[in-house]
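In the working numbering, each residue's number is its place in the sequence shown (first place is 1) plus 228.
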Amino acid sequence: MAKKTNKTARYAPVGMVITLLASIATFLLILVKGAVAIKAYTPDPAQTNIINIGLIVSILAIVLGLAIYAILAPEKATRFITGRQARYGSNTLIMSLAFLGILLVANTLAIKNPVKPLDMTEDKQNTLAPETIQALATLPEKVTALAFYTQQNPTDTARQLLSNLKSDSNGKFDFKFVDPNTDPVSARQYSITRDGTIVLTMGDKKEIAASASESDLVNSMIRLISPEQRTVYFITGHGEPDINATDNKGYARARQTLESKNYTVKTLNLAAENKIPADAKVIVIAGSLNPLLDQEVSLLKAYVNKGGSLVVLETPTLFTNAGTNPDPLINYLTSDWGITLNNDLVIDNTSNQPIYAISASYNNTHPITQRLTAVTVMPQARSLSLSKTAPQNVTLTGLILTSQQAWGETDLAGIKNNNQPGFDAATDFAGPLTLAASGENATTTGRVVVFGNSIFATDQGFDAYANGDIFTNSVDWAAKQANLVNITARQAITRTFNLPSQGQVLIILLLSVIIIPGLVIAAGISTWVARRRQG
Numbered sequence: 229m230a231k232k233t234n235k236t237a238r239y240a241p242v243g244m245v246i247t248l249l250a251s252i253a254t255f256l257l258i259l260v261k262g263a264v265a266i267k268a269y270t271p272d273p274a275q276t277n278i279i280n281i282g283l284i285v286s287i288l289a290i291v292l293g294l295a296i297y298a299i300l301a302p303e304k305a306t307r308f309i310t311g312r313q314a315r316y317g318s319n320t321l322i323m324s325l326a327f328l329g330i331l332l333v334a335n336t337l338a339i340k341n342p343v344k345p346l347d348m349t350e351d352k353q354n355t356l357a358p359e360t361i362q363a364l365a366t367l368p369e370k371v372t373a374l375a376f377y378t379q380q381n382p383t384d385t386a387r388q389l390l391s392n393l394k395s396d397s398n399g400k401f402d403f404k405f406v407d408p409n410t411d412p413v414s415a416r417q418y419s420i421t422r423d424g425t426i427v428l429t430m431g432d433k434k435e436i437a438a439s440a441s442e443s444d445l446v447n448s449m450i451r452l453i454s455p456e457q458r459t460v461y462f463i464t465g466h467g468e469p470d471i472n473a474t475d476n477k478g479y480a481r482a483r484q485t486l487e488s489k490n491y492t493v494k495t496l497n498l499a500a501e502n503k504i505p506a507d508a509k510v511i512v513i514a515g516s517l518n519p520l521l522d523q524e525v526s527l528l529k530a531y532v533n534k535g536g537s538l539v540v541l542e543t544p545t546l547f548t549n550a551g552t553n554p555d556p557l558i559n560y561l562t563s564d565w566g567i568t569l570n571n572d573l574v575i576d577n578t579s580n581q582p583i584y585a586i587s588a589s590y591n592n593t594h595p596i597t598q599r600l601t602a603v604t605v606m607p608q609a610r611s612l613s614l615s616k617t618a619p620q621n622v623t624l625t626g627l628i629l630t631s632q633q634a635w636g637e638t639d640l641a642g643i644k645n646n647n648q649p650g651f652d653a654a655t656d657f658a659g660p661l662t663l664a665a666s667g668e669n670a671t672t673t674g675r676v677v678v679f680g681n682s683i684f685a686t687d688q689g690f691d692a693y694a695n696g697d698i699f700t701n702s703v704d705w706a707a708k709q710a711n712l713v714n715i716t717a718r719q720a721i722t723r724t725f726n727l728p729s730q731g732q733v734l735i736i737l738l739l740s741v742i743i744i745p746g747l748v749i750a751a752g753i754s755t756w757v758a759r760r761r762q763g
């Protein structure tokens, strides 16, 4: 009988091997489950099923391995369970299980009850403004931010801000980073053309944030939850490009972008309708080849005097049918707003193509241009002149300036005859030139934004540089949707490291190399001497 027991006992280690391998598998699967719990890893349903089945099988394998060992070597199993080592081992096992249990409970509580991290920065860069906290508290339902960033675009700043919004939202705000290069379907779905775009979604509504700043995200959030209907009308009937055209000459991209920002975009033939719709938030006059009629301008003037807004994209007369005929719209902008559209063509020698005017600087205090970093390129532009004395109650602001190397060429007939343009101080406009300006009437609250170019916002140029951004920013400002909440950006505290003087360096060396080590050595020697004397 003993021989038979010895023969079977030889195979008992097989059970322990099975138990060991199954224990390793169980440990790894528990780690995976933990990663899923803290959302560090998100498996699909099929993978989740495999993980659950694998965990059950591995636990059963542990039991099976122990059973095999107990059956094949019953004496060893009994001795192990009743022996002194078993008692010590069981105590250790109980303490280990208790420690793991405490960790598990603590982690579960931390995950289900997250504590807001402390902002230890001196300038409180990671603390949201009170206006932001209030906006988050008023969210009627969950808002998700989709941040479209390529791998080449750093995400640290945006990720920190979005994390702060999430932690202060009581579960009403979440975010996700999407690489438009690896997920082009989502990029097309949200009309993403610029790296670093953030789209806020709530239900079936969406809103694009101009930049990854706290102010822009909060303003986009407010527009998202605002029930106000915002309709933008593009004037037609004077040879304007089509907002639905599929060629590069139309304004389809501008329309699509406005629609993605919750605007309703329509066309308006003012000469035929003879009235401005009551829901008109902004009226865009872009690329007219023929002048507007006096009657149309009178309607527009009355509309603006009641708090309406215009965005005007003009074209040099060289490329229109206006010729030398009076232009009622241009006359209105000059008389009522102090914005004069010069009869010239901007020649910019800083550009590879001189008739492509390039922005050299922006007004960094105006909501339309204060966050623009890329240049604006305007092919075939005309310059603007702003009245030194603005009309009563009107605030005039130049938005875009060219470099000093640009000038406004007034010899349009010579250009038409292919003559080489050259600056003439007597007749031309010297740079830097104004390419865009805004006006706001404090009494009527009416607003106008005027550009000396209409091509930059067509499909040909909309996605180039900051062209599309400045157009949509202009519509937002005209619609009074810019800076709904004005959050002052915190200025980072600049810290400089002052190198120690030679005397300070000498003191540091003496302390670290001689005095402190010497004291330690002296203490050791005195202790050794004292012990020698004692014995």
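Just so it is clear, CB atoms sit at the ideal spot from N, CA and C, and this is done for glycine as well.
Item to check | Burial state of A694 (16 or more Cβ within 10 Å) | outcome: Locating residue 694 in the sequence shown gives position 466, where the first residue counts as 1. Buried.
Checklist entry - In whole angstroms, what is the alpha-carbon distance linking V757 and I749? => result Here residue 757 refers to the residue found at position 529 of the sequence shown. Here residue 749 refers to the residue found at position 521 of the sequence shown. About 12 Å.
Checklist entry - Can you find a CB in chain D that lies within less than 8 Å of the CB of P728? => result The chain inventory of the structure shown lacks chain D, comprising one protein chain alone.
Checklist entry - Once you ignore the five residues that flank I284 on each side, which residues in its own chain have a CB closer than 6 Å to its CB? => result As a first step, residue 284 is located in the sequence shown; it is residue number 56 there, counting from the start. When the five nearest sequence neighbours on each side are left out, no beta carbon in the same chain lies closer than 6 Å to the beta carbon of I284.
Item to check | Range covered by the alpha helix (DSSP H) that runs through I299 | outcome: By 1-based counting over the sequence shown, the position of residue 299 is 71. DSSP places I299 in the uninterrupted alpha helix (DSSP H) bounded by P273 to L300.
Checklist entry - How should S587 be labelled, buried or exposed, when 16 other C-beta atoms within 10 angstroms of its C-beta is the threshold for buried? => result If you number the sequence shown from 1, residue 587 lands on position 359. That one is buried.
Next on the checklist: Buried or exposed for I330, going by 16 or more other Cβ atoms inside 10 Å?
Outcome noted: The residue given as residue 330 occupies position 102 in the sequence shown. In the assembly as shown, I330 is an exposed residue. Its beta-carbon has fewer than 16 other beta-carbons within 10 Å.
Checklist entry - Going by the CB atoms, is the gap between Q632 and P649 shorter than 8 Å? => result Stepping through the sequence shown from its first residue, residue 649 is reached at position 421. Stepping through the sequence shown from its first residue, residue 632 is reached at position 404. Against a cut-off of 8 Å, the Cβ pair of Q632 and P649 comes out as no contact.
Checklist entry - So, is T597 buried or exposed, given that buried needs 16 or more other C-beta atoms within 10 angstroms? => result What you label residue 597 is simply residue 369 of the sequence shown in a count that begins at 1. Per the 10 Å Cβ criterion, buried.
Item to check | Close-in-space but distant-in-sequence residues of the same chain around A685 (CB under 7 Å, 5 per side omitted) | outcome: Residue numbering aside, residue 685 sits at position 457 when the sequence shown is read from its first letter. Sequence-distant Cβ neighbours of A685 in its own chain, meaning closer than 7 Å and more than five residues away, are Y479, A482, A514, L541, N695 and F699.
Item to check | C-alpha distance - T638 paired with I558, whole-angstrom precision | outcome: The residue you call residue 638 lines up with position 410 of the sequence shown. The residue you call residue 558 lines up with position 330 of the sequence shown. For T638 and I558, the distance between alpha carbons rounds to 17 Å.
Item to check | Residues of its chain near V406, where Cβ-Cβ distance is below 6 Å and the 5 sequence neighbours each way are ignored | outcome: Here residue 406 refers to the residue found at position 178 of the sequence shown. Within the same chain, V406 has close Cβ partners L374, F376 and S414.
Next on the checklist: Spatial neighbours of R495 within its chain, please: C-beta separation below 6 Å, excluding the five flanking residues on both sides.
Outcome noted: On the sequence shown, position 267 is the one that residue 495 refers to. For clarity, residue 495 is Thr in the given sequence; the question names Arg instead. Exclusion of the five residues before and after T495 leaves F462 and T464 as the residues of its chain whose Cβ lies within less than 6 Å of its Cβ.
Checklist entry - What's the call for P505, buried or exposed, on a 16-neighbour Cβ count within 10 Å? => result For the purposes of this step, residue 505 is taken as the residue at position 277 of the sequence shown. P505 is classed as exposed because its beta carbon has fewer than 16 other beta carbons within 10 Å across all chains shown.
Item to check | Buried versus exposed call for A670 [16 or more other C-beta atoms within 10 Å across all chains shown] | outcome: Indexing the sequence shown from 1 puts residue 670 at position 442. Result: exposed.
Item to check | Cβ neighbours of E487 in the same chain (closer than 8 Å, five flanking residues each side left out) | outcome: Stepping through the sequence shown from its first residue, residue 487 is reached at position 259. Shown here for E487: same chain residues with a beta carbon closer than 8 Å to its own, the five before and five after excluded, namely V493 in chain order.
Next on the checklist: Quick check on T716: does DSSP put it in helix, strand or coil?
Outcome noted: Taking the first residue of the sequence shown as 1, we reach residue 716 at position 488. Confidence is the limiting factor: at T716 the pLDDT is only 48, short of 50, which leaves the residue's position unreliable, though a coordinate-based value still follows. In the three-state scheme derived from DSSP, where H, G and I count as helix and E and B as strand, T716 is classed as coil.
Checklist entry - According to DSSP, is D444 helix, strand or coil? => result Along the sequence shown, one-based indexing puts residue 444 at 216. If DSSP states are grouped into helix, strand and coil, D444 belongs with the helices.
Item to check | Nearest candidate by alpha-carbon position, reference L629, set A664, A437 and P519 | outcome: The residue labelled residue 629 in the question sits at position 401 within the sequence shown. Distance check between L629 and each of A664, A437 and P519 places A664 closest, using alpha-carbon atoms only.
Checklist entry - Does at least one heavy atom of the ligand NAP sit under 7 Å from the Cβ of A654? => result Absence of the ligand NAP from the depicted structure is noted, as is the absence of any ligand whatsoever, leaving it without description.
Item to check | Nearest to A707 (by Cα), restricted to the options Q380, D697, G424 and I511 | outcome: Here residue 707 refers to the residue found at position 479 when the sequence shown is read from its first residue. With distances taken between Cα atoms, A707 lies closest to I511.
Checklist entry - Just the Cα atoms here: how many angstroms apart are S441 and L389? => result For the purposes of this step, residue 441 is identified with residue 213 of the sequence shown, where counting begins at 1. For the purposes of this step, residue 389 is identified with residue 161 of the sequence shown, where counting begins at 1. A straight-line Cα-Cα distance of about 8 Å links S441 and L389.
Checklist entry - Which residue spans inside the segment 586 to 662 form an unbroken alpha helix (DSSP H) run of at least 4? => result Taking only runs of at least 4 residues, the alpha helix (DSSP H) segments lying wholly in the segment 586 to 662 are 640 to 644.
Checklist entry - Can you name the residues that DSSP bridges to F376? => result Residue 376 sits at position 148 when you count from the first residue of the sequence shown. DSSP output for F376 lists V406 and T425 as bridge partner(s).
Checklist entry - For E501, which three-state DSSP category applies? => result Translated into the one-based positions of the sequence shown, residue 501 becomes position 273. Judged by DSSP in its simplified three-state form, E501 adopts helix.
Next on the checklist: Once DSSP output is grouped into helix, strand and coil, what is the label at K708?
Outcome noted: Numbered from 1 along the sequence shown, position 480 holds the residue referred to as residue 708. Secondary structure of K708 (DSSP, three-state): coil.
Checklist entry - Secondary structure at S454, three-state DSSP: helix, strand or coil? => result Residue numbering aside, residue 454 sits at position 226 when the sequence shown is read from its first letter. Annotated three-state conformation of S454 is coil, per DSSP.
Checklist entry - Under the DSSP definition of a beta bridge, which residues are partnered with L527? => result If you number the sequence shown from 1, residue 527 lands on position 299. Answer by DSSP bridge pairing: none, since L527 is not bridged.
Item to check | For D572 and F690, believed in contact at Cβ under 8 Å, the rounded distance | outcome: Working through the sequence shown from its first residue, we reach residue 690 at position 462. Working through the sequence shown from its first residue, we reach residue 572 at position 344. Contact between F690 and D572 is absent: CB atoms are separated by about 25 Å, not below the 8 Å threshold.
Next on the checklist: Rounding to the nearest angstrom, what Cα-Cα distance links T552 and S613 in this structure?
Outcome noted: Here residue 552 refers to the residue found at position 324 when the sequence shown is read from its first residue. Here residue 613 refers to the residue found at position 385 when the sequence shown is read from its first residue. Distance from the CA of T552 to the CA of S613, rounded to the nearest whole angstrom, comes to 19 Å.
Item to check | Alpha-carbon spacing of E435 relative to H594, whole angstroms | outcome: To locate residue 435, count along the sequence shown from 1; it is residue 207. To locate residue 594, count along the sequence shown from 1; it is residue 366. When rounded, the separation of the alpha-carbon atoms in E435 and H594 is 21 Å.
Item to check | Range of the contiguous beta strand (DSSP E) that encloses D564 | outcome: For the purposes of this step, residue 564 is taken as the residue at position 336 of the sequence shown. No beta strand (DSSP E) holds D564; the alpha helix (DSSP H) holding it covers P556 to W565.
Checklist entry - With distances taken between CB atoms, is the gap from A618 to L624 smaller than 8 Å? => result Numbered from 1 along the sequence shown, position 390 holds the residue referred to as residue 618. Numbered from 1 along the sequence shown, position 396 holds the residue referred to as residue 624. A contact, by the Cβ cut-off of 8 Å.
Checklist entry - Is the segment 357 to 375 close to the segment 447 to 460, with three or more CB pairs under 8 Å? => result In the pairwise beta carbon analysis, the segment 357 to 375 is classified as touching the segment 447 to 460: at least three pairs are separated by under 8 Å.
Checklist entry - How many angstroms separate the CA atom of E501 from the CA atom of S395? => result Position 273 of the sequence shown, counted from the first residue, corresponds to residue 501. Position 167 of the sequence shown, counted from the first residue, corresponds to residue 395. The C-alpha of E501 lies about 51 Å from the C-alpha of S395.
Next on the checklist: Using a 10 Å radius around the Cβ and a threshold of 16 neighbouring Cβ atoms, would you call D555 buried or exposed?
Outcome noted: In the sequence shown, residue 555 corresponds to position 327, counting from 1. D555 is buried by the Cβ-count criterion.
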